[in-house]
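Trainee:
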Amino acid sequence: MRNSILFIFITLLLFSCDVYISIPEKKIINKIEVTPPVFFSYVNSTIGTKTVEISTKTDSALIFYTIDGTEPNIHNYYSAGISKVTYVILSDTTINAIAYKNGYYSSVISSKYSTK
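Read left to right, the sequence shown gives residues 7 to 122 (the numbering used here).
#1: Are the C-beta of Ile-73 and some C-beta of chain D separated by less than 8 Å?
#2: In its own chain, which residues sit with a C-beta less than 8 Å from the C-beta of Asp-74, not counting the 5 before and 5 after it?
#3: For Lys-107, count neighbouring Cβ atoms within 10 angstroms of its own Cβ and tell me buried if that reaches 16, exposed if not.
#4: Does the beta-carbon of Val-58 have 16 or more other beta-carbons within 10 angstroms, so that it is buried, or is it exposed?
#5: Just confirm the distance between the C-beta atoms of Asn-102 and Glu-77, as a whole number of angstroms; I'd bet it's less than 8 Å.
#6: Contact check, Val-40 vs Tyr-111 under 8 Å by CB: the rounded distance?
#7: How would you write the range of the beta strand (DSSP E) that Ala-103 sits in, first residue to last?
#8: Here's the rule I'm using: 16 or more other beta-carbon atoms within 10 Å means buried, otherwise exposed. How should Val-94 be labelled?
#9: For the candidate residues Ser-47, Ile-80 and Ile-14, whose alpha-carbon lies nearest to that of Ser-120?
#10: Which residue wins for smallest C-alpha separation from Val-114, given the options Gly-87, Thr-55, Asn-9 and Asn-79?
#11: Can you tell me which of the three DSSP states Ser-28 falls into?
#12: Would you kindly work out how many angstroms separate the C-alpha atoms of Pro-42 and Ile-53, rounded to a whole number?
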């Protein structure tokens, strides 16, 4: 009997309290990671110039680059291409490049090239 009264008392106590348990909503953001471009250069032996290939591992990402020292973006660029672009070095040049996909940019990568 004593256990029954204790059980009823605890049950009434629990149900009479205003206890709210707040579980935060889990927000899922479909943010993609855009890998920064990488540079690969080689000498064209037939004409004595260097060619630079700029590529990214992010599938179907656009690569934007500048050769005037400014930071590239979708509104400011010398040239652009999908996943891989090439540029022939005709004079000492600094290339700044980014990769872009679905509203996300990679970090800007910069590389200097000489014709010597």
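Where a beta carbon is used, it is the ideal one built from N, C-alpha and C, also for glycine.
Mentor: According to the structure data:
#1: In the structure shown, chain D cannot be found, because there is only a single protein chain.
#2: Taken in chain order, the residues that qualify are Tyr-84.
#3: It is buried - the Cβ of Lys-107 has at least 16 other Cβ atoms within 10 Å.
#4: Counting C-beta atoms within 10 angstroms of its own C-beta, Val-58 has 16 or more neighbours from the protein chains shown and is therefore classed as buried.
#5: The Cβ separation is near 6 Å, so the contact holds.
#6: Separation of the CB atoms of Val-40 and Tyr-111 is rounded to 6 Å, and the pair is thereby assigned contact status at 8 Å.
#7: It spans 99-107 - the beta strand (DSSP E) in which Ala-103 sits, taken as one unbroken run.
#8: Around the Cβ of Val-94, a 10 Å sphere holds fewer than 16 other Cβ atoms; the residue is exposed.
#9: It is Ser-47.
#10: When only C-alpha atoms are compared, the closest one is Asn-79.
#11: Bear in mind that the predicted position of Ser-28 carries a pLDDT of just 49, short of 50, making it too unreliable to give a figure here.
#12: Spanning the two alpha carbons is a distance of roughly 30 Å.
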